[in-house]
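Encoded as structure tokens, the structure appears first; notes follow it.
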Amino acid sequence: MIAYKFLRPDRTSLFTDFAWPAPGTWVEASIEPCRSGIHACRVSDLPYWAGHQLYEVELDGELVEQSTKVVASRARLVRRLEAWEDLHDVYTRMCADRGHELARSAAPPLHDWEAVIEPSIPEGPALLGFVAARIAEAIAGPPAYRTERARQTDWLAERLGL
Amino acid sequence: MTESDQHITCQEVVELVTDYLERALDADEASLFEEHLNFCDGCITYVEQMRVTVEAVGQIGETDVPADTREKLLTAFRDWQHA
């Protein structure tokens with residue numbers, strides 16, 4: 002299965018600090034979601050985990066699929082998707098603009114939410130994606146949160162060619 | 008347990024941090040917890056501070072605590088339980 006993984010620029014994982022070997026080398030781990038195993042994103046999971054650098058990964062062995070991630074017992078990096086590094090700031094801006102658009106469309110407008118958008122931009126794409134989805138949720142309830150996340154997925158998939 | 012089944016707040020991170028560090032959250036809860044950490048630097052710092060504290064406290068054995076300190080703590084806990 003082909004999936005995706007966000008890593009720090011030094012190729013370490015955010016939650017485990019695991020240093021990934023260069024693309025091509027297999028890594029193995031026993032599976033226990035959120036505790037052990039190799040955690041990766043399907044395309045639909047990308048907005049939830051947006052980070053510094055994005056890699057395509059090949060998963061193998063035992064697989065466990067969860068709502069916003071997939072966990073495997075075996076994986077290897079395939080290639081770095083350098084296009085993400087060009088899109089990082091563009092995607093962040095898109096989410097910020099979408100947040101403004103949603104907040105202003107509400108009746109009455111969500112001024113409190115709008116006020117947090119611009120100061121949040123330096124924190125990057127994961128936060129801005131979350132803020133836009135939360136504004137959608139504030140307007141139209143929990144289903145709108147997932148709908149907004151799906152919209153972000155479509156944006157990323159189209160521009161990354163996934 | 009959480010305000011929403013789609014995300015958690017910083018307040019909920021504070022409430023859940025011990026369970027997270029002790030791996031007592033179920034997989035869905037832990038996933039929401041880590042989704043939050045992925046974009047919240049403040050909570051990352053908080054969780055890391057708690058992790059260091061828990062590890063440090065976990066290395067203190069009963070015999071490392073001076074007798075008078077141990078007695079004061081036991082008295083305090085007894086009083087707290089009766090309060």
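From first to last, the protein sequence lines are chains A and B.
Just so you know, we're using the numbering used here here: the first sequence kicks off at 2 and counts up by one.
Just so you know, we're using the numbering used here here: the second sequence kicks off at 8 and counts up by one.
Backbone N, C-alpha and C fix where the C-beta goes; we use that ideal spot for every residue, glycine too.
Computed from a predicted structure; not experimentally measured.
In this structure, residue 16 of chain A lies away from residue 46 of chain B, with their beta-carbon atoms at least 8 Å apart. The beta carbons of residue 58 of chain A and residue 65 of chain A sit about 15 Å from each other, so the pair does not count as a contact at 8 Å. Secondary structure of residue 61 of chain A (DSSP, three-state): strand. Beta-bridge analysis with DSSP links residue 37 of chain A to A:33.
Using a CB distance cut-off of 8 Å, residue 41 of chain B counts as an interface residue toward chain A. One finds nothing in chain A with a Cβ atom closer than 8 Å to the Cβ of residue 18 of chain B; even the nearest lies about 14 Å away. Collapsing the DSSP output to three states places residue 14 of chain A in coil. At a Cβ-Cβ threshold of 8 Å, residue 7 of chain A and residue 50 of chain A count as neighbours. By the criterion of a C-beta distance shorter than 7 Å, residue 86 of chain A is surrounded in its chain by 54, once the five residues flanking it on both sides are discounted. Relative to the Cα of residue 128 of chain A, the nearest Cα in the group B:30, B:11, B:33, B:42 belongs to B:42.
Excluding residues up to 5 positions away in sequence, 53, 54 lie with their Cβ nearer than 7 Å to the Cβ of residue 10 of chain A in the same chain.
At a cut-off of 8 Å between beta carbons, residue 15 of chain A contacts chain B.
Chain-order list of chain B residues neighbouring residue 74 of chain A: empty, with the shortest C-beta distance near 15 Å, by a criterion of under 9 Å.
For residue 3 of chain A, the uninterrupted beta strand (DSSP E) segment begins and ends at 3-8. The beta carbon of residue 29 of chain A lies closer than 7 Å to those of 74, 75 in the same chain, with the five residues before and after it left out. A distance of 8 Å or more separates the beta carbons of residue 64 of chain B and residue 24 of chain B. The secondary-structure analysis by DSSP pairs residue 72 of chain A across a beta bridge with A:40, A:65.
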